[in-house]
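In the UniProt record's numbering, the protein residues as written are 1 to 566. The structure appears right after this line, and notes come after that.
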């Protein structure tokens, strides 16, 4: 009678029976076939070895004494590559030397011949029970792995959605624009963020208002990761809502800053604090209004020196006292640096905090990328577990060697402007790959002014080129008297280096510029000037921006030269 439990253990297994006696082999098969899913046979150790490699059975039942190769010889070969498969060894008599080697080779059970059904079933029960439990454990492990993989996929998807939401809320509408005022000059925003987790505890929003002022919100929630991100994103989302319809003014700014900080305070847990600032930059009045709560000091680069402006308010908590506002005059200011505390608090390799070097590096660099590179050289960023956000507000140069050129919007006119700029740059000491890249970006900017500003060519350029109509349209272009493309070149010595500003203006109405409603469409903002050309300019120079109207392009490039020529 077959034990049901034994049948449960063996029904999914395959067994190899190795027996040279045909009668004995038939009897053993008769005992094994009702129990096992597959029963394979061999008449000696050599055949058994071949069957083992071909069929990969779960269990071996073998005689000891056989021609060609005995059971010990077969097992010796099997153990060279397989240490786990259990073996039941049948023998009429077992010498001591065979017993020792069989044990060393991992024989699971010894069966006396002639073989009895009950003895075989007891041996099978002991061996197959272990196989069954191992298989159940492996299935459980596999299910656990699959569950973990599912959870990881689920969590990854949730993280992707959360990141998409964060990118939708966090916005820099001046990522590719600059604020221009009067006849020349203006301000641009250069921003860099280095999160330490999938979600950042730092958040920001940069907005250009209808009256051409810049509004900035910078948040640094306590901690980092998801919990901190929720706090900062909520406050940033509220700021984005509150600035709609904003008009510049001291009372309006005070109301905006107070409402944002109050909202942040209402969403804090009892033991949480929140650091943040709201800033308004008015390029016409050359002034900044600031409401800073617990943020690091703001740095101003003014006439070659750095001023530290400490915030007037403590970090936001459940209790928020009336906000103290600060007003800053921007005469002589070339750069304003704001950063979350992850930058200044970072330890340098020589000891001390990076904030001790920050003023020097602000003067010695022109972009946030350069500044972060200096920070990375002096600090081990891998040891910094705090998020870093750097916002650099840079004034477009109004002082320095100024060269202005104009030309009609023709191919000859574009060539003239390109040549004049190249001659002035070479005379100033600009050279090498950075000059080549600037000249490439300038050629793209001039071509953009010609195609968009004069020809009014937009998204239909690919169609014109495909229809072989582009060259004819360009060659037939005939500008009216007085219609010109202008090029302004400003050369500014800066800490032993040369800063080059180039502004190209065209007579057209401008290309399509994304507005507040498009703040989540980063692709449209980055490709508004015709896509490929704008990306070439971005890869070629340190900074590239366009004005809100879309008819001026601004390029900036730094050069390592010691002196400039007049």
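Beta carbons are placed, not taken as given, at the ideal position from N, Cα and C, and that holds for glycine. Since this is a predicted model, take the numbers as computed values, not measurements.
| Item | Value |
| --- | --- |
| Which first and last residues belong to the beta strand (DSSP E) in which residue 204 is found? | 202-208 |
| Quick check on the DSSP output: the alpha helix (DSSP H) that includes residue 424 runs from which residue to which? | 411-427 |
| Would you give the residue range spanned by the alpha helix (DSSP H) that residue 78 belongs to? | 71-78 |
| How far does the beta strand (DSSP E) with residue 42 in it reach, from first residue to last? | 38-42 |
| On the three-state DSSP scale, how would you describe residue 286? | coil |
| What are the start and end residues of the alpha helix (DSSP H) that includes residue 493? | Where residue 493 is concerned, there is no enclosing alpha helix (DSSP H), although the beta strand (DSSP E) it sits in stretches over 485-494. |
| Once DSSP output is grouped into helix, strand and coil, what is the label at residue 295? | coil |
| Output needed for residue 422: all residues of its chain with C-beta closer than 7 Å, excluding positions within five of it in sequence on either side, in chain order. | 439 |
| Mind checking residue 104: buried by the 16 CB within 10 Å criterion, or exposed? | exposed |
| Classify residue 154: buried if its beta carbon has 16 or more other beta carbons within 10 angstroms, exposed otherwise. | exposed |
| Can you list, in chain order, the residues of its chain with a C-beta nearer than 8 Å to that of residue 209? Leave out the 5 residues immediately preceding and following it. | 215, 243, 246, 247 and 248 |
| So what's residue 337 in DSSP terms, helix, strand or just coil? | strand |
| Taking the alpha helix (DSSP H) that residue 357 belongs to, which residues open and close that run? | 355-364 |
| Locate the beta strand (DSSP E) running through residue 452, then write down its first and last residues. | First-last for residue 452: undefined, no H or E at that position. |
| So, does the region 271-289 touch the region 308-325, judging by three or more C-beta pairs under 8 Å? | yes |
| Tell me which residues share the same chain as residue 344 and place their Cβ nearer than 8 Å to its Cβ, disregarding the 5 neighbours each side in the sequence. | 296, 353, 354, 355 and 358 |
| From what residue to what residue does the beta strand (DSSP E) around residue 8 run? | Unbroken run through residue 8 is the alpha helix (DSSP H), 4-10; no beta strand (DSSP E). |
| Hey, would you say residue 281 sits closer than 8 Å to residue 325, going by beta carbons? | no |
| I need the straight-line Cα distance from residue 502 to residue 556, nearest angstrom please. | 6 Å |
| Can you give the Cα-Cα distance for residue 541 and residue 298, rounded to whole angstroms? | 27 Å |
| How is residue 535 classed by DSSP in three states: helix, strand or coil? | helix |
| Would you check if the region 137-146 and the region 21-33 touch, i.e. whether three or more CB-CB distances between them fall below 8 Å? | no |
| So, does the region 188-207 touch the region 382-392, judging by three or more C-beta pairs under 8 Å? | yes |
| Roughly how many angstroms lie between the CA atoms of residue 393 and residue 175, to the nearest whole one? | 11 Å |
| Take every Cβ of the region 109-117, pair it with every Cβ of the region 40-55, and state whether three or more of those distances are shorter than 8 Å. | no |
| Between the beta-carbon of residue 217 and the beta-carbon of residue 273, is there less than 8 Å? | no |
| Looking at the structure shown, is residue 136 part of a helix, part of a strand, or coil, going by DSSP? | helix |
| Quick check on DSSP: helix, strand or coil for residue 169? | helix |
| In the DSSP assignment, find the unbroken beta strand (DSSP E) run with residue 14 in it and report its ends. | 14-18 |
| Can you list, in chain order, the residues of its chain with a C-beta nearer than 8 Å to that of residue 483? Leave out the 5 residues immediately preceding and following it. | 408, 409, 454 and 507 |
| Below 8 Å on the Cβ atoms is my contact criterion, and I expect residue 37 with residue 14 to pass it. Report the Cβ-Cβ distance as a whole number of Å. | 6 Å |
| Starting from the Cα of residue 77, find the closest Cα among 55, 99, 48 and 95 and give me that residue. | 48 |
| Where do the N-terminal and C-terminal ends of the beta strand (DSSP E) with residue 109 fall, by residue? | 109-112 |
| For residue 88 and residue 149, what's the separation of their Cα atoms in angstroms? | 39 Å |
| Using only CA atoms, which one of 269, 205, 264 and 283 lies nearest to residue 186? | 283 |
| Please classify residue 563 as buried or exposed, where buried requires at least 16 other C-beta atoms within 10 Å of its C-beta. | Only weak support is given to the placement of residue 563: the predicted model assigns it a pLDDT of 47, under 50, and the value that follows is read from those uncertain coordinates. It is exposed - the Cβ of residue 563 has fewer than 16 other Cβ atoms within 10 Å. |
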